[in-house]
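Report on the structure given below.
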Amino acid sequence: MRILVADVGGTHVKLMVTGAEPRKFDSGDGFTPEQLIAGIKAHTADWTFDVATIGVPSPVLRGAVMEEPWNLGRGWVGFDYEGALGVPTRIINDAAMQALGSDEGGRMLFLGLGSGLGTALVDEGRVVPLELAHLPFRDQTFEDYCGQRGLRTLGEAEWKAVVLEAAELLRAAVAAEYVVLGGGNVRFFTDLPTRVRRGHNDRAFEGGFRVWADERPLPAAWQSLFAHAATWKGRSLAHCFEHDRDRAVRFTVRLGDLTVDYSKTHVDTDTMKLLAELARATGVEALRDRMFAGEPINTTEGRAVLHTALRNRSDRPVIVQGRDVMPDVRAALDHMRSFSESVRSGQWTGHTGARITDIVNIGIGGSDLGPAMVTSALEPLTVGGPRLHFVSNVDGAHMGQTLRHLDARTTLVVVASKTFTTQETMANARTAREWFLGSARDEAHIAKHFVAVSTNETEVRRFGIAPEQMFVFWDWVGGRYSVWSSIGLPVALAVGFDRFEELLDGAFQMDEHFRTAPVEQNIPMLLGLLGVWYASVLGVDTHAVLPYEQLLHRLPAYLQQLDMESNGKRVDRHGRPVSLGTGPIVWGEPGTNGQHAFFQLLHQGTRQVTCDFLVGLESPYPLGAHHRLLLANCFAQTEALMHGKDEAAVRHELTSQGLTGPALEALVPHKIFPGNRPSTTIVYRTLNPRTLGMLLAMYEHKVFTMGALWGVNSFDQWGVELGKQLARRIDEDLTGDVDTHAHDASTNQLINLARRVAKRAH
Ligand code: F6P
46 MRILVADVGG THVKLMVTGA EPRKFDSGDG FTPEQLIAGI KAHTADWTFD
96 VATIGVPSPV LRGAVMEEPW NLGRGWVGFD YEGALGVPTR IINDAAMQAL
146 GSDEGGRMLF LGLGSGLGTA LVDEGRVVPL ELAHLPFRDQ TFEDYCGQRG
196 LRTLGEAEWK AVVLEAAELL RAAVAAEYVV LGGGNVRFFT DLPTRVRRGH
246 NDRAFEGGFR VWADERPLPA AWQSLFAHAA TWKGRSLAHC FEHDRDRAVR
296 FTVRLGDLTV DYSKTHVDTD TMKLLAELAR ATGVEALRDR MFAGEPINTT
346 EGRAVLHTAL RNRSDRPVIV QGRDVMPDVR AALDHMRSFS ESVRSGQWTG
396 HTGARITDIV NIGIGGSDLG PAMVTSALEP LTVGGPRLHF VSNVDGAHMG
446 QTLRHLDART TLVVVASKTF TTQETMANAR TAREWFLGSA RDEAHIAKHF
496 VAVSTNETEV RRFGIAPEQM FVFWDWVGGR YSVWSSIGLP VALAVGFDRF
546 EELLDGAFQM DEHFRTAPVE QNIPMLLGLL GVWYASVLGV DTHAVLPYEQ
596 LLHRLPAYLQ QLDMESNGKR VDRHGRPVSL GTGPIVWGEP GTNGQHAFFQ
646 LLHQGTRQVT CDFLVGLESP YPLGAHHRLL LANCFAQTEA LMHGKDEAAV
696 RHELTSQGLT GPALEALVPH KIFPGNRPST TIVYRTLNPR TLGMLLAMYE
746 HKVFTMGALW GVNSFDQWGV ELGKQLARRI DEDLTGDVDT HAHDASTNQL
796 INLARRVAKR AH
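Be aware that the sequence shown starts at 46, since it is given in our numbering, and climbs by one per residue.
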């Protein structure tokens with residue numbers, strides 16, 4: 046999250062946004078909130094921020110200005126700051142903001158020694174606004190003595206004595222543990238008594254940031270990165286390449302036949318050093334080791350996170366709650382092997398004795414995206430096997446258009462659901478069952494045509510599938526991490542179990558690398574660090590996945606669930622709001638199709654997008670010059686994004702085409718490419734099961750690294766629950782006899798419209 050802080054003073058407004066250099070503009074007598082907003086907008090046009098803090102020199106209660114500031118104009122009370130600025134905005138008293146910036150814990154009284162006397166209490170990081178300045182003191186008020194007027198009339202020595210006397214009185218009155226003196230006039234003090242400390246006037250901005258940070262200071266490793274980000278201002282990637290001939294080599298890592306070139310991203314040696322320090326300071330390696338060791342790091346569900354055990358190709362045991370899970374993992378793999386081989390060989394037949402020709406996997410989320418994506422990625426290897434179909438959407442069109450082409454006598458249905466309670470999957474499974482019985486007539490035949498993949502035997506039985514037809518996995522496998530488990534059964538059915546094992550081998554190779562390589566050479570960690578560098582520090586929170594590989598056309602959708610369901614979190618593992626932007630928006634399309642759709646925005650739009658380009662050096666479908674063209678396009682895009690095309694080049698090009706005068710001038714701005722847009726290129730020899738396993742495990746561990754750096758739990762998904770609950774309730778309303786009034790007016794209207802149409806149709 047990027048925070049704008051505006052510190053409104055009597056002569057200036059000071060501005061700062063996370064990671065940038067401060068700016069300021071004039072305020073003064075008669076200065077209004079409208080002028081403040083106009084000034085902020087004019088001075089921050091090139092900054093992006095998600096929220097704002099405004100420190101005003103007035104009493105503030107529950108985020109509202111209570112009195113017009115004495116040293117500015119009118120209109121501050123009741124002004125809609127948030128509406129005018131267009132982002133969530135918190136208003137705070139300026140002294141309270143300074144106080145927060147100087148907070149060192151405990152209970153602190155802050156006294157701002159300026160022209161007046163600002164007062165605030167910070168109690169365990171929470172600011173309590175105070176207005177003590179106008180309380181009687183001696184024969185006048187505290188402000189009369191401690192403010193600028195007191196300094197003038199008393200002289201420096203006496204004023205200092207009075208300030209310390211007042212500080213002790215006020216400290217005792219609010220039962221603070223210590224007093225912090227801030228404001229410009231604190232400079233007159235050299236020595237201070239034990240319970241009085243000097244504030245950091247330059248840290249008012251820090252206070253503005255802390256307003257949004259659940260009052261927790263940003264750890265030092267993050268602060269160093271934010272400070273370092275300023276060194277990237279005005280520095281272009283093209284310039285980096287011109288001045289560093291080793292850049293491409295230095296910022297490329299390899300594992301097996303995988304090459305990851307991140308040299309076209311905004312990093313230098315210092316950036317990488319700071320990022321590695323961040324990884325160490327945040328304990329990424331320790332959390333990784335706890336994951337591999339089977340500790341319950343999915344804290345909200347009290348579960349271990351052990352998709353790595355599913356592809357543990359070593360003989361190392363993996364202990365969960367005192368028990369080695371590897372024998373169960375191997376037994377489940379054996380079950381998959383024997384079943385997939387017997388279906389593929391024709392030994393397993395339908396109830397009429399006919400060979401199985403089509404397999405329908407019914408599942409959603411992780412029970413669909415993984416097997417669907419892997420099956421289409423390995424499509425060249427499916428020759429001779431059954432045809433695979435994937436139905437996930439509860440929209441009847443999905444099931445209807447799939448079944449329309451199938452023969453129930455030669456179709457096998459795999460009902461895949463970890464919980465076996467997911468509404469969409471169960472609705473689709475019931476429809477498939479009815480469709481099948483419509484042809485087979487006898488429930489006994491279900492045994493030959495329906496299998497289940499689940500952790501929930503009770504529900505599987507209740508549905509009518511016998512335990513012998515059930516493929517198991519365990520609660521320590523997250524849905525989006527489950528393609529390596531029995532959820533991968535459709536893959537084994539499509540390409541054969543040996544190929545499925547190669548997929549596991551590839552993932553295991555990446556696991557070993559992730560487990561043992563130092564941060565600086567650790568591919569998933571480096572990608573994760575780059576991810577947070579862009580998303581949290583540089584404020585680039587949109588990430589495009591661009592496979593130059595038609596067979597990976599479902600990869601962006603798969604990674605959307607992996608990344609966004611894992612790291613789309615707003616509180617940390619302890620339930621505290623996170624202070625930085627977390628999971629980016631992930632999207633994408635295969636190249637070259639994307640080039641003719643959204644690449645315009647990547648090259649010339651106003652926002653930055655980080656891009657992953659993925660390409661194999663050889664094609665699984667060698668066909669004339671196609672693959673050379675594909676590679677040329679892929680590499681050209683990364684070069685174009687980085688280099689861009691400057692005005693001089695555009696002018697030269699257009700004039701050499703004969704364009705001059707107004708026609709030339711009109712076209713020039715449209716043809717400029719600013720460049721300096723980041724991308725990472727991931728190259729492999731050819732897309733095969735092993736490489737795919739490596740790639741997917743790489744992305745899993747990248748997501749893990751990012752979650753660990755942000756301190757969020759990447760393994761729960763509570764955000765999907767509310768919609769599910771409401772859908773159940775609305776489903777009842779839709780079947781009701783009368784209009785509903787139980788929701789807001791818009792939702793009522795939509796439900797009642799649908800209910801009446803449905804009623805008429807019957
Ligand atoms: O909707 C969220 C989710 O729980 C995903 O995490 C999961 O992959 C999907 O639903 C399907 O769940 P299940 O496998 O239990 O049907």
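Where is the CB? At the ideal position from N, CA and C, for every residue including glycine. As the structure is a computational prediction, the values presented were derived from the model and not from experiment.
6 Å Cβ shell around residue i - same chain, five flanking residues per side excluded
| i | result |
| --- | --- |
| residue 564 | 321, 324 and 570 |
| residue 193 | 160 |
| residue 788 | none |
| residue 614 | 627 and 757 |
| residue 655 | 579, 585, 588 and 723 |
| residue 619 | none |
Cβ neighbour criterion (16 or more within 10 Å) applied to residue i
| i | result |
| --- | --- |
| residue 309 | buried |
| residue 561 | exposed |
| residue 462 | buried |
| residue 809 | There is simply no residue 809 to check, as the chain begins at 46 and stops at 807 in what is shown. |
| residue 521 | buried |
| residue 164 | buried |
| residue 763 | exposed |
| residue 65 | buried |
| residue 547 | buried |
| residue 420 | buried |
| residue 608 | buried |
| residue 469 | buried |
| residue 11 | The first residue shown for the chain is 46 and the last is 807, placing residue 11 beyond what the model contains. |
| residue 447 | buried |
| residue 115 | exposed |
| residue 666 | exposed |
| residue 766 | exposed |
| residue 778 | buried |
| residue 745 | buried |
Assumed close pair residue i, residue j - CB separation to whole angstroms, cut-off 8 Å
| i | j | result |
| --- | --- | --- |
| residue 113 | residue 119 | 5 Å |
| residue 531 | residue 516 | 4 Å |
| residue 659 | residue 610 | Between residue 610 and residue 659 the Cβ distance is about 21 Å, and since that is not below 8 Å, they are no contact. |
| residue 46 | residue 624 | 7 Å |
| residue 316 | residue 754 | Actually they do not touch by this definition, with Cβ atoms about 15 Å apart. |
| residue 145 | residue 252 | 3 Å |
| residue 381 | residue 534 | 6 Å |
| residue 191 | residue 167 | Not confirmed; about 19 Å, so no contact. |
| residue 430 | residue 582 | With a Cβ gap of about 47 Å, residue 430 and residue 582 do not count as contacting. |
| residue 716 | residue 695 | 4 Å |
| residue 407 | residue 477 | 6 Å |
| residue 718 | residue 653 | That belief does not hold up - the Cβ atoms of residue 718 and residue 653 are roughly 14 Å apart, past 8 Å. |
| residue 132 | residue 94 | 6 Å |
| residue 100 | residue 51 | 7 Å |
DSSP beta-bridge partners of residue i
| i | result |
| --- | --- |
| residue 126 | Note: residue 126 sits in no beta bridge, so no partner. |
| residue 434 | 405 |
| residue 343 | 348 |
| residue 114 | DSSP output for residue 114 lists no bridge partner at all. |
| residue 49 | 62 and 97 |
| residue 71 | 57 |
| residue 729 | 661 |
| residue 718 | 690 |
Contacts around residue i, its chain only, beta-carbon distance under 7 Å, and the 5 residues preceding and following it disregarded
| i | result |
| --- | --- |
| residue 189 | 195 |
| residue 400 | 391, 394 and 455 |
| residue 550 | 358, 735 and 738 |
| residue 362 | 369 and 371 |
| residue 274 | 64, 582 and 583 |
| residue 467 | 409 |
Other residues of its chain near residue i: CB distance less than 8 Å, five sequence neighbours each side excluded
| i | result |
| --- | --- |
| residue 105 | 111, 136, 137, 138, 141 and 174 |
| residue 640 | 678 and 682 |
| residue 117 | 53, 55, 72, 73, 74, 75, 76, 77 and 102 |
| residue 566 | 298 |
| residue 425 | 596, 665 and 666 |
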